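Participant:
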Amino acid sequence: MNRILWIVNDLNVEEYIHQSIVSTLISFPLVIIEVFVEKISFTTKFDKTLQFIKPLDIRFKSYKKSPFEKTNLSKIENTNLVFVLKKDSLSIYDYIIFSNNKKNDYSFYENKAKIGLLQFDYDKEKIINYKLSVKRSIPIIFSLKLKASSDWKFISNMTINLETGLVNSIEKYFWFQKLSFIKFLNNPNEFEIVKNRKYEVNFHSIRIIAYYKRLVVTIIKRKINKPEKNWKIALKEESKGYLFLNQPEHSFWADPFLISRDNKHFVFFEELNKTTNLGEIACVQLDESFNIELKKTIFKDDTHFSFPNVFYHNDGFYMLPENSEKNSLSLYKATLFPFEWSFHKTIIDNCKLVDAVWVYHNEYYWLFANKVEDYEYDNNDALYLYYSKNLDSNQWLSHKQNPICTDSSRSRGAGAIFKKNGKLFRPAQNCSKFYGANIVLNEIIELSIENYEEEYNKAIFPAPEYHGIHTINSQFGIEIFDFLKVE
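Per the working numbering, the very first residue in the sequence shown carries number 257; after that it's consecutive.
1) What whole-angstrom Cβ distance do I309 and V473 have, given they're in contact under 8 Å?
2) For V287, which three-state DSSP category applies?
3) Tell me which residue opens and which closes the beta strand (DSSP E) that V610 is part of.
4) When you compare each of N658, R668, S393 and L609 to I438 by their alpha carbons, which one comes out closest?
5) Would the beta-carbon of Y429 fall within 8 Å of that of I416?
6) Taking contact to mean at least 3 C-beta pairs separated by less than 8 Å, is the stretch 698 to 716 in contact with the stretch 487 to 499?
7) Let's see if you can read the secondary structure: which residues bound the alpha helix (DSSP H) around N385?
8) DSSP beta-bridge partners for E596?
9) Given F440, which residues of its chain have a CB within under 8 Å of its CB, disregarding the five upstream and five downstream residues?
10) Within a Cβ cutoff of 8 Å, which residues of the same chain sit near Y349, ignoring the five residues on either side of it in sequence?
11) Go ahead and label I462 buried or exposed: buried means 16 or more other beta carbons lie within 10 angstroms of its beta carbon, across all protein chains shown.
12) In whole angstroms, what separates the C-alpha of P323 from that of Y272?
13) Check whether the stretch 645 to 653 and the stretch 624 to 634 touch, using three or more Cβ-Cβ pairs below 8 Å as the test.
14) For a test of the three-state rule: what should DSSP assign to D303, helix, strand or coil?
15) My guess is that P577 and F593 are in contact by the Cβ rule of under 8 Å, so how many angstroms apart are they, rounded?
16) Kindly indicate which three-state DSSP category F674 falls into: helix, strand or coil?
17) Could you spell out the range, first to last residue, of the alpha helix (DSSP H) harbouring H726?
18) Let me make sure I understand the geometry here. Which of E721, Y378, G733 and I716 has the alpha-carbon closest to that of T727?
19) So who's on the other strand from L471, going by DSSP bridges?
20) Find the nearest neighbour of A719 within the set T591, L740, K469 and K331, judged by alpha-carbon distance.
21) In whole angstroms, give me the CA-to-CA distance for Y365 and I475.
22) Is it buried or exposed, S667, if we count other Cβ atoms within 10 angstroms and call 16 or more buried?
23) Once you ignore the five residues that flank F674 on each side, which residues in its own chain have a CB closer than 6 Å to its CB?
24) Do I603 and D648 come within 8 Å of each other at the CB atom, strictly closer than that value?
25) What does the Cβ neighbour count give for L341, buried or exposed, with the cut at 16 atoms within 10 Å?
26) Are the CB atoms of S389 and L418 within a distance shorter than 8 Å?
27) Cα separation between K295 and D303?
28) Taking all protein chains shown into account, do 16 or more other C-beta atoms lie within 10 angstroms of the C-beta of L286, making it buried, or fewer, making it exposed?
29) Rounded C-beta distance between E527 and A538? I'm assuming under 8 Å.
30) Spatial neighbours of W625 within its chain, please: C-beta separation below 8 Å, excluding the five flanking residues on both sides.
31) Have a look at F555 and F599 and give me their C-alpha separation to the nearest angstrom.
32) According to the Cβ coordinates, are P683 and G671 closer than 8 Å?
Now the structure itself:
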């Protein structure tokens, strides 16, 4: 692929289109992208309704920025981005991309595309119908017309779960179009032809009013009843029940990792500082009966720490904590285990990765993490995979299928990858209903540079009287979990 043409309605484009172009320039540094403005006026049904209900949706908002905010493409500083002023100056391109335009006649452009034409989906009504039809998930769809084909086809390689609220669901769909588009450029053959199903909803106004009545009730209940929810850590030996640590009442201890050595057990976890509302990394030393002997804070500053992924590697103990506010992923090494640590190396920079875990397989180190985009508060939907020959390398390569999973019921990490009976398993959180509802174990079927595949194995649910579970780790037959408790 050498050259792409983008047809836009104006140089002031929606933010999801702007970021799609920027991501293409970054992902394909040798590709020339030309931009041509062709004004086509069209309106979208329900836009006024969406503006009216937006104040309610904001209470459940997942994104810092709307995908429909406008950004001028001329602000992009990249020599591979070229603006074409005249239609007769257009050349021949691999793909011609139409961003939210509605055209009747594509014949002029068909003659200038070596591979085909691709149309972004701008059908907000379809998303609303899915949501009002109580459909949990929706496929991200593009329209594709190949050079050798006389017909347009609907293609997809990604399905997402919809959000609470119509505006939030629409915003999520358009943000994920950006991710799906890059997947298409990387792996067009993996996209399948699908039916662009439209769930017709009668009495839209009545259905929307009914939906938002339920949402208002939820908001009122939240205001009236604000229970304190805290994570509690429990251990479990084979054939025995859960044994909860004797942590202080109303304390928030989450993301536990266990290290056992010299008849002692060391639990590393996130402790929420309720004064600053920031996570800190702490460690407790347990005796043989799992009683707390000693507790110390290891990492704390003016940013949020969590998920202290602790492991032994080569010559000592290392930690890969989540500290995405610093826009990097860094390794720390124990100078005096378990309580004294020092910075070792930043392995991935300029990237917000959360809940990172790794595994060595077939001569490569594989790193799994959720990536938080600049327009997001958090990310429970998109799982990314990176690989390198060395764990402490700063040259990790992004897998060609990224994001490898976009299902909120199994994308967010829930602990270290482990091997059992010769099989690899990746623990994940089920966040389709709420964050940390339960754990899902996924068996890794294929892990290679060309392909990643996993299958659902089983689900693990909270202990009685608890409301969630979102971490599982183990060592020497001892499992460790965290459970959500209302106090």
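Ideal Cβ placement from N, Cα and C applies to all residues, glycine included.
The structure displayed is predicted, hence computed values, not measured ones.
Facilitator: On the basis of the coordinates in this document:
1) Here residue 309 corresponds to residue number 53 of the sequence shown, with the count starting at 1. Here residue 473 corresponds to residue number 217 of the sequence shown, with the count starting at 1. That pair is no contact at about 15 Å.
2) The residue labelled residue 287 in the question sits at position 31 within the sequence shown. DSSP places V287 outside both helix and strand once states are collapsed to three, so it counts as coil.
3) Working through the sequence shown from its first residue, we reach residue 610 at position 354. Per DSSP, V610 belongs to the beta strand (DSSP E) from L609 to H617.
4) Locating residue 438 in the sequence shown gives position 182, where the first residue counts as 1. Nearest C-alpha to I438: N658.
5) One-based indexing of the sequence shown puts residue 429 at position 173. One-based indexing of the sequence shown puts residue 416 at position 160. Yes, the pair counts as a contact, with Cβ atoms nearer than the cut-off.
6) These segments do not touch.
7) As a working mapping, residue 385 is identified with position 129 in the sequence shown. For N385, the enclosing alpha helix (DSSP H) begins and ends at K380 to L388.
8) Residue 596 sits at position 340 when you count from the first residue of the sequence shown. L592, per the DSSP bridge assignment.
9) Residue mapping note: residue 440 aligns to position 184 of the sequence shown, counting from 1. If we look at F440 and ignore the five residues flanking it on each side, its Cβ neighbours are L374, F398, I411, N413 and F447.
10) Numbered from its first residue, the sequence shown carries residue 349 at position 93. Within the same chain, Y349 has close Cβ partners R259, I260, L261, E290, K368, A369 and K370.
11) Position 206 of the sequence shown, counted from the first residue, corresponds to residue 462. Around the C-beta of I462, fewer than 16 other C-beta atoms lie within 10 Å, and the residue is accordingly described as exposed.
12) Taking the sequence shown and counting its residues from 1, the one referred to as residue 323 is at position 67. Taking the sequence shown and counting its residues from 1, the one referred to as residue 272 is at position 16. Y272 has its alpha-carbon roughly 5 Å from the corresponding atom of P323.
13) No: the two stretches stay apart, fewer than three of their Cβ pairs being nearer than 8 Å.
14) Translated into positions along the sequence shown, residue 303 becomes position 47. Three-state result, D303: helix.
15) For the purposes of this step, residue 577 is taken as the residue at position 321 of the sequence shown. For the purposes of this step, residue 593 is taken as the residue at position 337 of the sequence shown. The pair is not a contact, with the Cβ atoms about 15 Å apart (cut-off 8 Å).
16) Taking the sequence shown and counting its residues from 1, one reaches residue 674 at position 418. Under the three-state reduction of DSSP output, F674 falls in the strand class.
17) Locating residue 726 in the sequence shown gives position 470, counting from the first residue. Premise fails: H726 lies in the beta strand (DSSP E), G724 to Q731, not in any alpha helix (DSSP H).
18) Residue 727 sits at position 471 when you count from the first residue of the sequence shown. For the residues E721, Y378, G733 and I716, the minimum Cα distance to T727 belongs to I716.
19) For the purposes of this step, residue 471 is identified with residue 215 of the sequence shown, where counting begins at 1. L471 is not bridged to any residue.
20) Here residue 719 refers to the residue found at position 463 of the sequence shown. For A719, the nearest C-alpha among the options comes from L740.
21) The sequence position of residue 365 within the sequence shown is 109, counting from 1. The sequence position of residue 475 within the sequence shown is 219, counting from 1. When rounded, the distance between both Cα atoms is 50 Å.
22) The count along the sequence shown starts at 1 and reaches residue 667 at position 411. With 16 or more Cβ atoms within 10 Å of its Cβ, S667 is classed as buried.
23) Counting from one through the sequence shown, the residue named residue 674 turns up at place 418. By the criterion of a C-beta distance shorter than 6 Å, F674 is surrounded in its chain by F681, once the five residues flanking it on both sides are discounted.
24) Residue 648 sits at position 392 when you count from the first residue of the sequence shown. Residue 603 sits at position 347 when you count from the first residue of the sequence shown. Their beta carbons are under 8 Å apart, which means D648 touches I603 by this criterion.
25) Taking the first residue of the sequence shown as position 1, residue 341 is located at position 85. A residue is called buried when at least 16 other Cβ atoms come within 10 angstroms of its Cβ; L341 does not meet this threshold and is exposed.
26) Start at 1 with the first residue of the sequence shown, and residue 418 comes out as number 162. Start at 1 with the first residue of the sequence shown, and residue 389 comes out as number 133. No; because the gap between Cβ atoms is not below 8 Å, this pair is not in contact.
27) Residue 295 sits at position 39 when you count from the first residue of the sequence shown. Residue 303 sits at position 47 when you count from the first residue of the sequence shown. So the two alpha carbons sit approximately 20 Å from each other.
28) The sequence position of residue 286 within the sequence shown is 30, counting from 1. The residue is exposed, with fewer than 16 neighbouring Cβ atoms inside 10 Å.
29) Against the sequence shown, residue 527 aligns to sequence position 271. Against the sequence shown, residue 538 aligns to sequence position 282. Taking C-beta atoms under 8 Å as the contact rule, E527 and A538 qualify, at a distance of about 4 Å.
30) The residue you call residue 625 lines up with position 369 of the sequence shown. Checking the sequence, you will find Ala at residue 625 rather than Trp. In its chain, beyond the 5 residues on either side, L585, L609, V610, D611, A612, V613, L639, Y640, Y642 and G669 have a beta carbon closer than 8 Å to the beta carbon of A625.
31) Stepping through the sequence shown from its first residue, residue 555 is reached at position 299. Stepping through the sequence shown from its first residue, residue 599 is reached at position 343. When rounded, the distance between both Cα atoms is 11 Å.
32) As a working mapping, residue 683 is identified with position 427 in the sequence shown. As a working mapping, residue 671 is identified with position 415 in the sequence shown. Yes, the pair counts as a contact, with Cβ atoms nearer than the cut-off.
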